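Chains as they are written, first to last, in my numbering: chain A, 1 to 110; chain B, 111 to 223.
No residue lacks a Cβ here, since even glycine has one placed at the ideal position from N, Cα and C.
These figures come from a predicted structure and were not determined experimentally.
Shown next as structure tokens:
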């Protein structure tokens, strides 16, 4: 069964303190791995799509990487406005059913 | 605003009542998805439409749930005989054909008393 596990569940960082969020997955034929940001009471906001091991994507202070078993979301010199829940999702082959993890709640302190 | 819109944003109902939610996707997106999200969890897939065709439906979805997309544009999600366990945020997302990244609406928060 396709599964996504995110760690840690929650993370508190000081402003400027870089860190990484982990997304481990098992899926039948990975078609894509996706990262989203979700603010309280809002829908998820798309960040990145990764398709194959070794692929990397960057956007401002965020960088996503992918291996055959996991993905990392690296946050460099975070700011308080980066505080949110970061969700990882996978899509396997032959389906339109995206499987989401439970997310990592990030809090960046000024 | 050209994003995904959902209506209503909040719905409070009594157990046993029927409720219907509406989703208007981004205009050129022909793929539409419904999800349910409870506190502390990620979105849970409910169903997928490509144009007006419902191509995939979660096995977890009970017969009380039904979704339609009659003209391939907006979609509705109906829950019949609501139960307290149906209390959740119901999210709609859309995407372009042959593109996998989804764009989510703000959600409809359902509270069943």
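- Look at the beta carbons and you see the region 44-54 of chain A not touching the region 19-29 of chain A: under three pairs across the two are nearer than 8 Å.
- Rounded to whole angstroms, residue 12 (chain A) and residue 6 (chain A) show a C-alpha spacing of 16 Å.
- Beta-bridge pairing by DSSP links residue 37 (chain A) to A:45, A:86.
- By the Cβ neighbour-count rule, residue 81 (chain A) is exposed, with fewer than 16 other Cβ atoms within 10 Å of its own.
- In the three-state reduction of the DSSP assignment, residue 81 (chain A) falls in the helix class.
- Residue-level contact check: residue 158 (chain B) touches chain A, since one or more beta carbons of chain A fall below 8 Å from its beta carbon.
- For a Cβ distance threshold of 7 Å, residue set 43 of chain A lies close to residue 201 (chain B), ordered along the chain.
- In the structure shown, the three-state DSSP call for residue 196 (chain B) is helix.
- Each residue's CA atom was taken as its position, placing residue 203 (chain B) and residue 218 (chain B) some 12 Å apart.
- As the crow flies, the alpha-carbon of residue 71 (chain A) is around 29 Å from that of residue 171 (chain B).
- The region 207-214 of chain B makes no contact with the region 173-191 of chain B: fewer than 3 CB pairs, one atom from each, lie closer than 8 Å.
- Counting other Cβ atoms within 10 Å of its Cβ, residue 54 (chain A) stays below 16 and is therefore classed as exposed.
- At least 8 Å separates the beta-carbon of residue 220 (chain B) from that of residue 185 (chain B).
- A distance below 8 Å between beta-carbons, with the five flanking residues on each side excluded, links residue 119 (chain B) to the following residues of its chain, in chain order: 216, 217, 218, 219.
- In the structure shown, residue 175 (chain B) falls within a strand segment according to DSSP collapsed to helix, strand and coil.
- Taking 8 Å as the cut-off, the Cβ atoms of residue 114 (chain B) and residue 214 (chain B) count as close.
- With a 10 Å radius around the Cβ and a threshold of 16 neighbouring Cβ atoms, residue 191 (chain B) comes out exposed.
- Exclusion of the five residues before and after residue 105 (chain A) leaves 10, 85 as the residues of its chain whose Cβ lies within less than 6 Å of its Cβ.
- Rounded to whole angstroms, the gap between the alpha carbons of residue 169 (chain B) and residue 194 (chain B) is 20 Å.
- By the criterion of a C-beta distance shorter than 7 Å, residue 166 (chain B) is surrounded in its chain by 157, 158, once the five residues flanking it on both sides are discounted.
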